[in-house]
């Protein structure tokens, strides 16, 4: 499943879509609530918050296909249960869409939004004991580790005799995942440039929604050896720097018009990046959809640009095209 996908906030009017998703993934409710999906569950996902928490501290994010169907959703509580903590209360993918990397894509986007909130240090999630066999492998891959915090889990409307607990798992918000570690390993072993300037100072890309596009660009550029940098106090911009000193900026601006890039209009058609080898290119291609990239010219890979030219083409969640070219 390669998209295109739309990631957007979900609000009250989306309750029917949320209800439809819950009913399309009934096993989750049965495992965690010991009951079938109730008619009001969709509304509850959008509106329910812990006692005393401002409803504005809850963000619900949905991942939709090009027909508008809701494939996955997640919600996060900012500053709960502690001021420096974000709590992911639900991350659910429709049963017939599971196994395609949508959970990772949604999690990375949610994490990017959490990073925009100053003062948050930890992100956590609760794993219900009766759902652990399914949930634990996913949250481990996302970089979470179990804590000693375990609570009784007594869902409303559960069948009698159901005994469950919830274990809290957590991670640092700004920890890099295993993919980034692989990137650093690759970068440390790659030959250094000769020290001469590249001729390009920087390239600035504008985005309508940084939280949607940043995960895709962060994954791609760090996989290719670019180093992520942060500018203190600049929450709506990101920078990745190449070893030759050039850098790419991704910025969310109020002056952006529309929410899709159109490479057919005057201006930049696409951005071309280099990749040190075919093996890395194949690996990148194999997992790109999980990170929000939609492949272009797939039927002609890797020679869509010509028989003597090895490259992979894709577009980001807002339609910006990238060409990744194998060096040599």
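Residue numbers (our numbering): 37 to 364. Glycine included, C-beta positions come from ideal geometry on N, C-alpha and C.
Among the options, the one whose alpha carbon lies nearest that of residue i
i           : options               : result
residue 348 : 191, 292 and 338      : 338
residue 74  : 84, 85 and 62         : 62
residue 308 : 274, 122, 260 and 272 : 260
residue 97  : 184, 45 and 123       : 45
residue 250 : 306, 269, 275 and 238 : 275
residue 293 : 94, 243 and 135       : 243
residue 130 : 353, 99, 119 and 118  : 99
residue 335 : 183, 321, 203 and 315 : 321
residue 120 : 93, 133 and 81        : 93
residue 102 : 360, 354, 361 and 359 : 354
residue 53  : 285, 286, 76 and 287  : 76
residue 126 : 64, 70, 106 and 177   : 64
residue 310 : 170, 360 and 72       : 360
residue 314 : 362, 351, 279 and 285 : 362
residue 286 : 118, 241 and 279      : 241
residue 147 : 208, 199 and 192      : 208
residue 134 : 106, 152, 111 and 95  : 106
residue 192 : 70, 235 and 83        : 70
residue 235 : 278, 90 and 203       : 278
residue 172 : 303, 72, 203 and 132  : 203
residue 270 : 152, 199 and 55       : 152
Range covered by the alpha helix (DSSP H) that runs through residue i
i           : result
residue 116 : First-last for residue 116: undefined, no H or E at that position.
residue 323 : 314-323
residue 60  : 51-60
residue 188 : Not the alpha helix (DSSP H): residue 188 falls in the beta strand (DSSP E), residues 181-189.
residue 138 : 138-151
residue 343 : Premise fails: residue 343 is in no alpha helix (DSSP H) and is neither H nor E.
residue 335 : Careful: residue 335 lies outside any alpha helix (DSSP H) and carries neither H nor E.
residue 252 : 246-259
Contact check, residue i vs residue j, beta carbons under 8 Å
i           : j           : result
residue 139 : residue 161 : no
residue 128 : residue 57  : yes
residue 282 : residue 237 : yes
residue 356 : residue 289 : no
residue 164 : residue 189 : yes
residue 181 : residue 144 : no
residue 329 : residue 264 : no
residue 272 : residue 246 : yes
residue 141 : residue 327 : yes
residue 316 : residue 284 : no
residue 67  : residue 201 : no
residue 324 : residue 331 : yes
residue 112 : residue 95  : yes
residue 43  : residue 183 : no
Buried or exposed (CB count within 10 angstroms, at least 16 for buried), residue i
i           : result
residue 154 : exposed
residue 114 : buried
residue 226 : Unreliable positioning characterises residue 226 in this predicted model, as indicated by a pLDDT of 41, which lies under 50. The coordinate reading is nonetheless provided below. So residue 226 ends up on the exposed side.
residue 49  : exposed
residue 149 : buried
residue 88  : exposed
residue 123 : buried
residue 214 : Only weak support is given to the placement of residue 214: the predicted model assigns it a pLDDT of 39, under 50, and the question is left unresolved by the model.
residue 178 : buried
residue 41  : buried
residue 258 : buried
residue 305 : exposed
residue 299 : exposed
residue 47  : exposed
residue 291 : exposed
residue 104 : exposed
residue 351 : buried
residue 159 : buried
residue 358 : buried
residue 303 : exposed
Which residues DSSP lists as bridging residue i, in chain order
i           : result
residue 239 : 284
residue 276 : 264 and 284
residue 99  : 43 and 108
residue 330 : 351
residue 126 : 111
residue 308 : 359
residue 121 : 158
Residue-level contact to chain D via CB, residue i, 8 Å cutoff
i           : result
residue 159 : Absent here is chain D; the protein component of the structure consists of one chain.
Limits of the unbroken beta strand (DSSP E) element including residue i
i           : result
residue 175 : Looking at the DSSP string, residue 175 is not in any beta strand (DSSP E); the run it does join, the alpha helix (DSSP H), is 168-177.
residue 73  : That residue, residue 73, is in no beta strand (DSSP E); it is neither H nor E in DSSP.
residue 158 : 158-164
residue 205 : 200-208
Residue i beta carbon near the ligand COA (any heavy atom closer than 7 Å)
i          : result
residue 52 : Summarising the ligand content, the structure contains no ligands, and the ligand COA is consequently not present.
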